[in-house]
Each structure stands twice: as C-alpha cells, then as structure tokens.
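Counting along the sequence shown from 1, when you hit position 44 you're at 203 in the working numbering, and nothing is skipped either side.
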Amino acid sequence: MNRMTRRERQVTDIDEIIKILDKSKVLHIGMIDGDEPYVVPMNYGYIMNGEKLTIYLHGARRGRKLDAMRKNPKVFFEAVCDVTPFEGDVACKYGIAYASIMGRGVAEIVEDVEEKKLGLSLLMKTQTGKDFTFDDKMASVVSVIKIGVLEYTAKHRPNPNK
Ligand SMILES: Cc1cc2nc3c(=O)[nH]c(=O)nc-3n(C[C@H](O)[C@H](O)[C@H](O)COP(=O)(O)OP(=O)(O)OC[C@H]3O[C@@H](n4cnc5c(N)ncnc54)[C@H](O)[C@@H]3O)c2cc1C
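Given below as structure tokens:
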C-alpha cells in the first residue's frame, strides 16, 4: 500500500492494532462490482496469527455483495473506533480523534461447515466479548465470508487537548 502521510500517527504495535479491531465493531468492506465500487457496512470477527490477519463476516446467503465477491474477490476494508470530536479556538483547530485500520485482501465464501462455525464464533467473540458455539444447522442458514488480509495499516490521531 502507499506510504502513509502523517506517519507519526501510524500504529505498528500489534497489541494496539488488536485493540482497534476489538473496539471498532463495524467494518466497511469495499468491493469491485463490475466496473463500479460497492461498499457495505458489516459486523465482523477476526483472528490475528502473529501479524497475519484474517477477518470473518456473516450474512444472508444471497445478495449483491456475494455476487460481487464471486466475480471479483479483491476487497478493501476499513474500521474506526474512539471517534471523539475536539474543539479549538479557531475553526481549523477543531478536529476528530480516532483510531482506524484499513487494508486489502481476498474474499472467500466459506463452504466448510467447521470453518463456518469457527468464523461465527470469532464474530460473536469480537462483537460481544463472549464465547458462543454453533451447530451445523445454525451455520447452514447463513453465509460466512473469510477475508484473507494481504496488507493492513493502522492509524491513531490523538486528542490534542488531552
Ligand atoms: C452497522 C451495520 C452493521 C451491519 N452488519 C451486517 C452484518 O454483519 N452482516 C450482513 O450481512 N449485513 C450487515 N449489515 C447490513 C449490510 O450493510 C447490507 O445491507 C447487507 O449485508 C446486504 O448487503 P447486499 O450487498 O447483499 O445487499 P442487497 O440487498 O443485495 O443490496 C441491494 C441494494 O440495496 C442497497 N443496500 C444494501 N445494503 C444497504 C445498506 N446497509 N444501507 C443502504 N442501502 C443498502 C444498495 O443500494 C444495494 O445496491 C449491517 C449494516 C449496518 C449499518
């Protein structure tokens, strides 16, 4: 990916990146639908293996995003947390503090039932902090999408008034 402007805001500590993933809850997934961009907000789960990130999404078994991913599995994602507006003495000193992650990857519609159950458990863990298990029937009524993340960057803009 391109070099980040404002590199002093780049987050490279993996523990900090995990905190961003735990807090964000909603991810915007960008696809290429034919010759048009298509972006969908979704809840997600993830697993970080060393620095290798894999994201799981779930949803209905049909729809535009699944059609788009089947035709072109290249995706881009971003997620944001700790969004806090701050004030300044002049308009241009107002701003917004945040932490965010974005990256590119390859989407795969998971067919293996055991991996679907794993993806759903990871999703619930990320979303609720709790452990849930799924049976084959529960897994069969939804689609599970795995994003194998090829590259990601994270960024933190602190509140200058704190
Ligand atoms: C905070 C949040 C979390 C969500 N979490 C999930 C999730 O975990 N799993 C999940 O499957 N869905 C989730 N959704 C809904 C998701 O954004 C999509 O609506 C849904 O996944 C269907 O996508 P699709 O491409 O199959 O839509 P389709 O129904 O096939 O889309 C057809 C058309 O409907 C319109 N459309 C679709 N979705 C939206 C939308 N969200 N807002 C406005 N217009 C829309 C667009 O014009 C699109 O071209 C979430 C939405 C929000 C806001």
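We put the CB at the ideal spot given by N, CA and C, even for glycine.
Would you report the Cα separation of K211 and P319, rounded to the nearest angstrom? 32 angstroms
task: Using the DSSP secondary-structure output, state which residues sit across from T305 in a beta bridge.
output: One detail in the question is off: residue 305 reads as Lys in this sequence, not Thr. Answer by DSSP bridge pairing, in chain order: Y215 and E267.
Does ligand 1 have even one heavy atom less than 7 angstroms from the beta-carbon of K224? yes
query = By Cβ distance, which residues of its chain are closer than 6 angstroms to A238, with the 5 residues on each side in sequence left out?
reply = S183, L186 and I260
Beta carbon of V198, beta carbon of K314: below 8 angstroms?
no
**Asked** Just checking, does the segment 230 to 237 make contact with the segment 260 to 274 on the three C-beta pairs under 8 angstroms criterion?
**Response** yes
Notebook entry, point to check: What separation, rounded to the nearest whole angstrom, lies between the Cα atoms of G247 and Y253?
Noted result: 5 angstroms
Q) Ends of the beta strand (DSSP E) at G189? A) V185 to D192
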